[in-house]
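Student: In full-length UniProt numbering, the protein residues as written are 1 to 110.
1) May I ask you to report which of helix, strand or coil DSSP gives residue 14?
2) Have a look at residue 74 and residue 99 and give me their C-alpha separation to the nearest angstrom.
3) Output yes or no for whether 8 Å exceeds the beta carbon distance between residue 84 and residue 94.
4) If we ignore side chains and look at the alpha-carbon of each, how far apart do residue 68 and residue 86 end up?
5) From the DSSP output, in three-state form, read off residue 1 for me.
6) If you draw a straight line from the alpha carbon of residue 58 to that of residue 101, how long is it in whole angstroms?
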């Protein structure tokens, strides 16, 4: 609790000056606490901003890695399809015709 330099025992009858002095001390203490809380809030905001930036950077890096893996997988599948078509062109043509017929048949049956 805020106290002035005078001790409680010495204050037999408080005066309005004593109350004004105590209020001034309280006002000063509250102002100091407000400043401290504001600085803490700024520090927390900075910490949260840095944490969010770090998470966003990690997510971006992870997304880039996933995209690279997907590209590699798509390239592998394309190579496999090209090899299959070059080794067995008749079978590839039959599969393509069958898939086209199936898709056409299903799209006309509503």
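All residues carry an ideal CB built from backbone N, CA and C; glycine is no exception.
Tutor: For this structure:
1) coil
2) 20 Å
3) no
4) 27 Å
5) Note that residue 1 scores 49 on pLDDT, short of 50, meaning its location in the model is unreliable and no value can be drawn from it.
6) One alpha carbon belongs to residue 58, the other to residue 101, and they sit about 46 Å apart.
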